[in-house]
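The sequence shown maps to residues -18 to 594 in our numbering.
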Amino acid sequence: MSKEVKIIFQPSGRIVHALPGTVILEAAALAGFIIHTPCGGTGKCAKCIILIRNGKCPATEQELTALGKARTEEGFRLACLARITGPITIEIPENSLFQTHQKILTGDTGETRDVNPRVRKTVIQIPPLSPHETRSDLERLQAAGVSVPLTFLALQSLPNVLRSSNGLLTVVQADQDVIALEPGDTSSSCYGIAFDIGSTTLVGTLVDLLTGIDIAVAARVNPQTSFGDDVISRIQKCRGEKGGLMQLQSAILDGINRIIDELERKTRISRLSVYEVVFAGNTTMQQMLCGIDPSALGELPFTPAFRDALEFTARDLPLHVHPCAKITVFPQIGGFVGGDTTAGIVATRLDRTTEPTLLVDIGTNGEIVLKHGSLLLATSVAAGPAFEGARITNGMRATSGAIEKVILDGDVKLNVIGNTKPAGLCGTGLIDIAAELLRVGILDVTGRILPPDEIPATLPSALRDRLVADKGETHFLLVPKTESATGSPIFLYQRDIRELQLANAAIRAGINILLKMAGLEASQLGAILLAGGFGNFIRRNHARRIGMLPPIPCDKIRFVGNTSSFGAKRVLLSTQEKDYAARVVGQVRHVDLSLDPDFHLEFSNSMLFPEAE
Ligand code: FES
-18 MSKEVKIIFQ
-8 PSGRIVHALP
2 GTVILEAAAL
12 AGFIIHTPCG
22 GTGKCAKCII
32 LIRNGKCPAT
42 EQELTALGKA
52 RTEEGFRLAC
62 LARITGPITI
72 EIPENSLFQT
82 HQKILTGDTG
92 ETRDVNPRVR
102 KTVIQIPPLS
112 PHETRSDLER
122 LQAAGVSVPL
132 TFLALQSLPN
142 VLRSSNGLLT
152 VVQADQDVIA
162 LEPGDTSSSC
172 YGIAFDIGST
182 TLVGTLVDLL
192 TGIDIAVAAR
202 VNPQTSFGDD
212 VISRIQKCRG
222 EKGGLMQLQS
232 AILDGINRII
242 DELERKTRIS
252 RLSVYEVVFA
262 GNTTMQQMLC
272 GIDPSALGEL
282 PFTPAFRDAL
292 EFTARDLPLH
302 VHPCAKITVF
312 PQIGGFVGGD
322 TTAGIVATRL
332 DRTTEPTLLV
342 DIGTNGEIVL
352 KHGSLLLATS
362 VAAGPAFEGA
372 RITNGMRATS
382 GAIEKVILDG
392 DVKLNVIGNT
402 KPAGLCGTGL
412 IDIAAELLRV
422 GILDVTGRIL
432 PPDEIPATLP
442 SALRDRLVAD
452 KGETHFLLVP
462 KTESATGSPI
472 FLYQRDIREL
482 QLANAAIRAG
492 INILLKMAGL
502 EASQLGAILL
512 AGGFGNFIRR
522 NHARRIGMLP
532 PIPCDKIRFV
542 GNTSSFGAKR
552 VLLSTQEKDY
562 AARVVGQVRH
572 VDLSLDPDFH
582 LEFSNSMLFP
592 EAE
């Protein structure tokens, strides 16, 4: 039987043990390092590079092809392919890490919410025990006015609670159950947590259920990203691997429980005072959280396992909160339009708007909802990971070192996250550079970067000098090697523009189809609400310039924050909001674009960038 071997990760020096044959990606996850895996660990993107500092780790054929002979001889490997064969020391370069300090949108619109939660506390005084008492403890509790049933755990605690507090105790009731009995008066301590569970990030907000006030927020990268950046690769893991679902469920639960631990550390509020938790996320995340196989979402007709909200208790998962805490998982609309979209409608009151309004959440999976009259149409499009920097040659997530803003003003002006040297281009930077190149005439509407002899003669030489012709294509130099964090130049390549066009066209085609179904022109839209992490960091005029959004005035395009989180908080705080979410799901018509013959036509039309207005 093989024995586990020692693996040292540098530069931290963290040590783990694993069996020979373990893929380095998994060993890194054991050590708490999440490596960037845009292609889902299939060896195709070469973004998960690590360096073997000591020990043996033979390169595979695929690694030789992806990295080249010279780099493999230096010790570079792909974490998703390389396997442990014996004791080893591995360095994980900063660029390969899926850093936790990436830009995560935790805020919402900050509007006030109704406060009428499922959980409430009542303080009661049980008369002292007389020597002639013949009633049971439970009968004495009932005589004091507690008429609803006790959970088994609450019943188990009853004798001790009654006797440790001279009969003064707090009854914690959720819906029609007493979920806990606490000695003394704990009525001022009653909390819940609202979670936004995204494919990329997890955000938890600790909320005071008495006042409705947010106490603290904590966010982390979803540990499932070690198994692939997009939901499709994770669904495939469930379909193709025995135990795959269990691994993915443990990963997301681990991330959620770490957030709960962090909230406790930050606030010193005991996790046992958390009696309710609400989750809103996309269909795949919600199912994986509950341990429900999402395989059916990987094939037509993309059927979710449930539509109505799910309810159970914290012990069923388990979560690091009160074991009898009530858990709610948001109702889902259909296909890939999940609980986060329902939460978005609840948060923005989209169904109550009086003018035609679009709600757009742009991500690897883009969700679009259109409200017009009594119609509520919702769809999702696979935008792919370009907006997250994947499949872009010098792409990266919106983390430290990412170029997030580009202006062409005589020359290139950049804004880099963390004010450090640039290391790559994130989604907002990609949209900016495309919009700016279109504006100055370096990029044409077909998406071709023009060679120096075709660009306007009036263009400043500083910009002209950045064009590099290579094998019939032109690349645009964003950052010379002397100024980049990696020591290599950062180019925008022709193929990067093609990836952007694909992602862009998917979103716009989805919008166009919904407008068409509602019989609306884009100009009739009263508002576009941009939700989610990415949507809230993009520049509206640039999103319009590249055609991602219809040409409506920028002041009608509004950022609405993390609506998934905000909707979850509304439901956490009010049973009426929970009923409202259930009603909304019944009103929305799910539009499955995979079955729509117009989608492909709209998609190819949207591949062209619009002419200048
Ligand atoms: S090559 Fe390893 S994750 Fe893509």
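A virtual CB, placed ideally from N, CA and C, is assigned to each residue, including glycine.
Give the range of the alpha helix (DSSP H) segment to which residue i is assigned.
i       : result
Leu229  : Gly225 to Thr248
His(-2) : Element bounds for His(-2): not the alpha helix (DSSP H) but the beta strand (DSSP E), Arg(-5) to Ala(-1).
Phe547  : Thr544 to Leu554
His17   : It is not in any alpha helix (DSSP H) - His17 carries neither H nor E in the DSSP assignment.
Glu44   : Glu42 to Leu48
Lys497  : Gln475 to Met498
Short of 6 Å in beta carbon distance, which residues of its chain neighbour residue i, apart from the five on each side in sequence? Order them along the chain.
i      : result
Met588 : Gln482 and Ala486
Ala416 : His523, Arg526 and Ile527
Leu510 : Thr329, Leu340, Arg539 and Val541
Tyr474 : Thr374 and His456
Leu418 : Leu424
Which residues in the same chain as residue i place their Cβ atom closer than 8 Å to its Cβ, once the five residues preceding and following it in sequence are excluded?
i      : result
Leu440 : Val421, Gly422 and Ile423
Thr248 : Leu187, Ile196 and Ala197
Met227 : Gly272
Lys402 : Gly382, Glu464, Ser465 and Ala466
Ser579 : Reading the sequence as shown, one finds Asp at residue 579 and not Ser. Excluding sequence neighbours, Asp579 sits near Ile494 and Lys497.
Ser254 : Thr167, Ser170, Cys171, Tyr172 and His303
Distance, Cα to Cα, residue i vs residue j?
i       : j       : result
Glu42   : Glu54   : 13 Å
Leu62   : Gly22   : 8 Å
Pro432  : Asp451  : 10 Å
Ile107  : Cys305  : 23 Å
Asn613  : Gly391  : Lying outside -18 to 594, the shown extent of the chain, residue 613 is not represented and no answer is given.
Ala8    : Asp577  : 43 Å
Asp536  : Pro591  : 20 Å
Ser168  : Val198  : 23 Å
Ile436  : Phe515  : 32 Å
Gly165  : Ser77   : 52 Å
Leu351  : Arg429  : 32 Å
Val569  : Ile314  : 7 Å
Pro531  : Thr192  : 41 Å
Arg121  : Leu150  : 13 Å
Thr264  : Lys550  : 19 Å
Thr329  : Ala512  : 10 Å
Val(-3) : Ile5    : 11 Å
Val212  : Met498  : 28 Å
Ala438  : Ala503  : 35 Å
Ala161  : Gly542  : 35 Å
Val184  : Ala(-1) : 31 Å
Arg521  : Ile538  : 7 Å
Ser117  : Thr556  : 34 Å
Ser469  : Leu496  : 44 Å
Gly56   : Gly24   : 17 Å
Might you give, ordered along the chain, the residues of its own chain that have their beta carbon closer than 7 Å to the beta carbon of residue i, omitting 5 neighbours on each side?
i        : result
His82    : With a pLDDT of 39 at His82, under the threshold of 50, the modelled position of that residue is not reliable, and the figure given next carries that caveat. Cβ neighbours of His82 beyond the five flanking positions: Thr380 and Ser381.
Lys(-16) : none
Met(-18) : Interpretation of Met(-18) is limited by its pLDDT of 46, a score under 50 that renders its predicted location unreliable; the figure taken from the coordinates is listed afterwards. Nothing meets the Cβ criterion.
Pro1     : Ser(-17), Val(-14), Ile65, Thr66 and Gly67
Ile73    : Phe(-10), Ala9, Phe14, Ile16 and Ile31
Arg101   : Gln154
Arg489   : Gly528, Met529 and Ser587
Ser276   : Ile216, Cys219 and Arg220
Starting from residue i, trace the beta strand (DSSP E) in both directions and tell me its first and last residue.
i      : result
Glu583 : First-last for Glu583: Pro578 to Ser587, but that is the alpha helix (DSSP H), not the beta strand (DSSP E).
Leu358 : Leu356 to Ala363
Val198 : Asp195 to Val202
Asp451 : Leu448 to Asp451
Leu291 : Leu291 to Thr294
Asp392 : Asp392 to Val397
Asp118 : Note, Asp118: premise wrong, no beta strand (DSSP E); alpha helix (DSSP H) at Asp118 to Ala124.
Give the C-beta separation of residue i and residue j to the nearest angstrom, bearing in mind that I take them to be a contact with Cβ-Cβ under 8 Å.
i      : j      : result
Ala508 : Glu336 : 7 Å
Val258 : Val552 : That belief does not hold up - the Cβ atoms of Val258 and Val552 are roughly 11 Å apart, past 8 Å.
Phe472 : Asn375 : 6 Å
Arg445 : Leu458 : At roughly 11 Å, the Cβ-Cβ gap does not stay under 8 Å, so Arg445 and Leu458 are not in contact.
Check whether chain D comes within 7 Å of residue i, counting only Cβ atoms and requiring the distance to be less than that.
i      : result
Ile488 : No chain D appears in the structure shown, which is made up of a single protein chain.
Cβ of residue i within 6 Å of any heavy atom in ligand 2?
i      : result
Arg479 : In the structure shown, ligand 2 is absent; the only ligands present are ligand 1.
Counting pairs of Cβ atoms below 8 Å between the region 199 to 216 and the region 263 to 272, do you hit three or more?
Touching, yes.
Using 8 Å as the Cβ pair cut-off and three pairs as the minimum, do the region 347 to 367 and the region 290 to 307 touch?
The region 347 to 367 vs the region 290 to 307: no contact.
Three-pair Cβ contact test at 8 Å for the region 347 to 354 versus the region 556 to 567
No, because fewer than three Cβ pairs between the region 347 to 354 and the region 556 to 567 fall closer than 8 Å, the two stretches do not touch.
Closer than 8 Å is the cut-off here; do at least three beta carbon pairs connect the region 579 to 588 with the region 285 to 301?
no
Would you call the region 399 to 414 and the region 473 to 482 in contact, with 3 or more CB pairs under 8 Å?
yes
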